[in-house]
Each structure stands twice: as C-alpha cells, then as structure tokens.
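Data block below; observations after.
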Amino acid sequence: MRIGLLGLPMAGKKTLFRLLTGKEPKRDGSNGNVLGLARVRDIRFDRLVEIYKPRKTTPAHIEFSLLPGLNGEVSRKEEALRDLERVDVICLIIRAFHDDTVFHIGGEISPRQDILQLSEELALKDLLLIEKRLERLQKEKNRKTNGQEKLLEGELLTRMRLHLEAGHFLGDFSLTEAEEKIIRGYPFVTRKPTVVVLNTTETNPLAEDLMDALKKAFPEKPFHWIAVSAKIEEEVSQLDPRERLVFLEELGLGESALDRLTLLCYNALGLISFFTVGQDEVRTWTLRRGSRAPQASRVIHSDLERGFIRAEVMKYGDLIDLGNEQRVKEAGRYLQKGRDYVVEDGDIISFLFHV
Numbered sequence: 151m152r153i154g155l156l157g158l159p160m161a162g163k164k165t166l167f168r169l170l171t172g173k174e175p176k177r178d179g180s181n182g183n184v185l186g187l188a189r190v191r192d193i194r195f196d197r198l199v200e201i202y203k204p205r206k207t208t209p210a211h212i213e214f215s216l217l218p219g220l221n222g223e224v225s226r227k228e229e230a231l232r233d234l235e236r237v238d239v240i241c242l243i244i245r246a247f248h249d250d251t252v253f254h255i256g257g258e259i260s261p262r263q264d265i266l267q268l269s270e271e272l273a274l275k276d277l278l279l280i281e282k283r284l285e286r287l288q289k290e291k292n293r294k295t296n297g298q299e300k301l302l303e304g305e306l307l308t309r310m311r312l313h314l315e316a317g318h319f320l321g322d323f324s325l326t327e328a329e330e331k332i333i334r335g336y337p338f339v340t341r342k343p344t345v346v347v348l349n350t351t352e353t354n355p356l357a358e359d360l361m362d363a364l365k366k367a368f369p370e371k372p373f374h375w376i377a378v379s380a381k382i383e384e385e386v387s388q389l390d391p392r393e394r395l396v397f398l399e400e401l402g403l404g405e406s407a408l409d410r411l412t413l414l415c416y417n418a419l420g421l422i423s424f425f426t427v428g429q430d431e432v433r434t435w436t437l438r439r440g441s442r443a444p445q446a447s448r449v450i451h452s453d454l455e456r457g458f459i460r461a462e463v464m465k466y467g468d469l470i471d472l473g474n475e476q477r478v479k480e481a482g483r484y485l486q487k488g489r490d491y492v493v494e495d496g497d498i499i500s501f502l503f504h505v
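So for the sequence shown, the numbering used here puts the first residue at 151; every next one is plus one.
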C-alpha cells in the first residue's frame with residue numbers, strides 16, 4: 151500500500167513524513183517525490199513471533215510518498231498531481247496549528263480554505279482528463295469501429311463530469327459492473343480514498359470541535375478524517391516505548407499517529423490482514439475484505455490459487471487462548487476450509503495445493 155502525502159507549504163508534511171517513516175525527507179536529483187517505508191505495527195504479529203520464534207519475520211509495510219507542495223512551480227505541481235495516480239490513498243495534510251514563527255502561504259490559518267483549495271486541484275485534474283477524452287471521442291464519432299462502446303463511454307464520462315462540477319468526488323459516484331470496466335484504465339484521483347489529516351496544536355491535539363465543523367462544511371466529500379499533532383508526536387517519539395504509551399493515553403490518543411493513520415487507511419481501502427506462521431517465517435499478508443480463500447492464496451503466489459485444494463485456518467483468538475497450535479487442533483478449532491471460505495481479519499492460514 152502506498153500513501154501519498156499532499157498539502158500546501160508549511161502544513162507539516164515533512165515532519166509527518168519523518169515521524170511516519172523515520173527518514174529525513176531528502177529529494178533525489180530532479181525528482182520531487184520522496185519515498186519512505188514504515189512497518190505496520192500489529193500486536194497480533196508480535197505475539198505470533200513470540201509463540202513460533204521463527205528464523206525470519208516479515209511484517210506488513212506501508213510506503214509513504216511525500217509529494218511536492220501545490221503552491222510552487224507549475225512543473226512541480228503537475229508532478230505532484232501525476233504522482234497521485236500511483237498511490238492507493240491520498241492524505242491531505244492540513245495546517246490547523248498556530249505558530250508565529252511558521253508563516254502560512256495564505257496569510258492566515260484557515261483549514262477550511264486549504265481543504266477547499268486542495269479538493270479543487272484534485273477535481274480539476276479529473277475534469278481535465280475527462281474533457282480530453284470526450285474531445286477525442288467526439289473526433290472519433292463518425293468512425294464505425296466500436297461505435298456503441300464509445301457512445302456508452304461518452305455518456306458515462308459526461309455524467310461523471312457533471313458529478314465533479316457539482317462539487318462531488320468520484321469516490322461516491324455509483325457505477326455498474328459494466329461501467330467499472332469502461333473506466334478501469336482511467337487514473338482518476340478523486341476515486342481514491344482521501345484522508346484529511348489535521349495537523350493540530352499541542353494544547354488541543356484531537357481538535358474535536360474543528361473536526362466537526364469541517365465535516366459539516368464538506369458533506370458532499372467522501373473524506374476520512376484524523377487529527378494529528380506532529381509536534382506532540384515528535385516529542386513522544388523520543389520517549390521510551392513504555393513512557394510513550396502512558397503519555398499518549400494521558401492525552402486521550404492511545405496510539406501513535408502511524409498506528410491510527412494505518413488503521414484508517416486500511417479501513418478506507420477495505421483491507422484486512424492474515425498471517426502465515428511456522429519456524430521458518432511468520433509473515434503478515436494484506437488482502438481485500440470479502441476475499442475468498444483462493445484469492446488469499448494468490449497474494450502469496452499465483453501457483454497456490456491455480457492448484458488450490460483447501461485452506462487450514464486457525465483463529466488468532468483461539469491460538470492465544472489455547473497457547474499453541476497443537477492444543478488448537480486437539481480442541482477441534484483447526485478448521486478445514488474450501489473455496490467459498492471468506493477470509494477474516496487475523497486468520498492464520500496454511501494453504502494446501504497441487505500443481
């Protein structure tokens with residue numbers, strides 16, 4: 151999963167990127183895009199490692215992409231919007247903190263205005279893509295090849311254009327299965343899950359009143375919302391892990407920004423985790439919610455899906471309650487599942503296959 155961090159200058163993008171990845175945001179050469187990996191912290195994975203003591207551990211990772219600010223050069227702006235095509239989730243970093251030593255490019259702190267500006271940039275990118283394609287379809291109108299398909303495509307794109315012009319994102323534009331196929335190759339950015347990350351003050355890190363007001367200001371946008379105080383998170387990151395947890399709980403946060411943002415992005419994308427375990431390796435795999443066992447096996451290797459026989463499943467809770475795999479089997483909780491089994495979050499799976 152790749153998450154794109156987008157925002158106006160001085161919103162705290164670099165600080166947040168450093169906190170999430172542990173990497174200084176240094177750009178290489180002319181490329182304005184900076185990439186960094188962050189481990190997905192999952193207590194279930196850590197417990198499985200304790201139980202199996204494997205030679206190799208492979209937790210899930212998220213790739214963060216720090217994009218150029220949108221108020222710079224035109225070429226950098228175009229680059230940032232183009233790079234959004236390659237991310238799975240878009241995070242709009244919005245400044246909601248006051249600091250006289252850090253100027254705001256708009257002259258005043260206005261989260262609502264910043265969200266509006268960034269939203270319009272995303273919508274405009276998709277509108278331009280639609281307009282360009284409609285112009286081409288118009289030129290090809292008199293050609294006989296695929297006439298009906300192109301007519302349907304043109305009608306669909308026209309409806310999508312009207313949806314965007316009404317202030318909506320394409321993320322809440324209803325599509326039939328046939329229409330999904332028509333636009334499958336289009337890199338629309340407003341169809342991607344979009345998370346508004348409010349970079350808040352130290353004195354009010356959750357910013358609940360501001361969050362509520364902004365949600366009411368953008369009822370037509372399918373946004374996901376989270377408040378993060380980058381300054382607090384930066385201070386907390388210097389603490390001992392045990393002290394860190396206590397400090398976060400005292401602030402009413404409970405978890406770090408990375409943990410909270412990861413969970414939000416997983417939910418926005420409809421993702422779950424399942425595990426494979428053994429003395430050789432304990433590994434986390436990411437899967438679309440609602441996927442069946444053969445689809446889960448394909449995540450590991452295409453041969454497993456092709457030769458799928460069955461899945462042997464343990465529930466994480468059963469393993470923890472009973473203590474080890476043998477006791478799970480003795481209790482009759484080691485489950486044999488076929489092709490129709492829908493994988494659940496936290497499942498521990500072994501696949502049997504023959505090719």
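Yeah, the Cβ is synthetic: ideal placement off N, Cα and C, and Gly gets one too.
Treat the numbers as computed from the prediction; the structure is a model and nothing was measured.
Cross-strand partners of residue i (DSSP beta bridge)
i: Thr426; result: Arg433
i: Lys487; result: Ala461
i: His504; result: Its beta-bridge partners do not exist; DSSP assigns none.
i: Asn354; result: Partner(s): none; Asn354 has no beta bridge.
i: Phe373; result: Thr344
i: Ile240; result: Gly154, Thr344
i: Arg245; result: Asn349
i: Leu401; result: According to DSSP, Leu401 bridges with nothing at all.
i: Val378; result: Asn349
i: Arg442; result: Val492
i: Ile470; result: None; Ile470 has no bridge partner.
i: Ile498; result: Phe425, Met464
i: Leu216; result: Leu155, Val184
Cβ of residue i within 8 Å of any chain B Cβ
i: Ala316; result: Absence of chain B from the displayed structure is noted, only one protein chain being present.
Short Cβ contact (8 Å threshold) for residue i with residue j
i: Asn166; j: Asn417; result: Here residue 166 is Leu; the residue named in the question, Asn, does not match the sequence. No. Outside cutoff.
i: Leu312; j: Glu329; result: no
i: Asp495; j: Ile450; result: no
i: Leu502; j: Arg460; result: yes
i: Glu271; j: Leu320; result: no
i: Thr308; j: Leu325; result: no
i: Arg245; j: Ala161; result: yes
i: Gly257; j: Gln263; result: no
i: Arg226; j: Arg152; result: no
i: Thr171; j: Leu187; result: yes
i: Leu360; j: Pro261; result: yes
i: Glu195; j: Phe425; result: In the sequence on display, residue 195 carries Phe and not Glu. Going by C-beta atoms, Phe195 is nearer than 8 Å to Phe425.
Closest Cα partner of residue i within the set the options
i: Asn354; options: Asp468, Met160, Phe247, Ala481; result: Phe247
i: Ile243; options: Gly154, Glu329, Thr251; result: Gly154
i: Leu277; options: Leu220, Lys300, Glu174, His318; result: His318
i: Glu370; options: Gln267, Asp322, Met464, Ala161; result: Asp322
i: Val239; options: Glu290, Ser406, Thr412; result: Thr412
i: Lys203; options: Val427, Arg232, Ile470; result: Val427
i: Asp233; options: Phe458, Asp264, Lys275; result: Lys275
i: Leu156; options: Leu302, Leu356, Val339, Arg334; result: Val339
i: Ala357; options: Glu200, Leu401, Asp196; result: Leu401
i: Glu200; options: Asp490, Glu480, Asp497, Leu469; result: Leu469
i: Asp490; options: Lys479, Asn474, Ser441; result: Ser441
Rounded straight-line distance, which links the Cα of residue j to that of residue i
i: Glu213; j: Arg191; result: 14 Å
i: Ala273; j: Ile280; result: 11 Å
i: Leu169; j: Gly488; result: 42 Å
i: Leu395; j: Glu383; result: 11 Å
i: Ser379; j: Val347; result: 10 Å
i: Lys206; j: Leu216; result: 30 Å
i: Asp390; j: Glu327; result: 51 Å
i: Arg477; j: Pro159; result: 56 Å
i: Leu403; j: Ile193; result: 17 Å
i: Lys173; j: Leu408; result: 14 Å
i: Trp375; j: Gly482; result: 42 Å
i: Pro372; j: Thr344; result: 7 Å
i: Val492; j: Arg433; result: 20 Å
i: Gly467; j: His504; result: 30 Å
i: Ser568; j: Ala377; result: Shown here, the chain extends from 151 to 505; a query on residue 568 therefore has no answer.
i: Arg410; j: Glu303; result: 39 Å
i: Arg189; j: Ile499; result: 21 Å
i: Glu462; j: Gly473; result: 18 Å
i: Leu485; j: Met310; result: 46 Å
i: Arg341; j: Pro218; result: 21 Å
i: Leu454; j: Pro444; result: 8 Å
(Q) Threshold first: 3 residues or longer. Then list the beta strand (DSSP E) segments lying entirely within the region 162-213, N to C. (A) 184-189, 206-208
Q: List in chain order: all unbroken beta strand (DSSP E) runs of 3+ residues lying wholly within the region 263-312.
A: none
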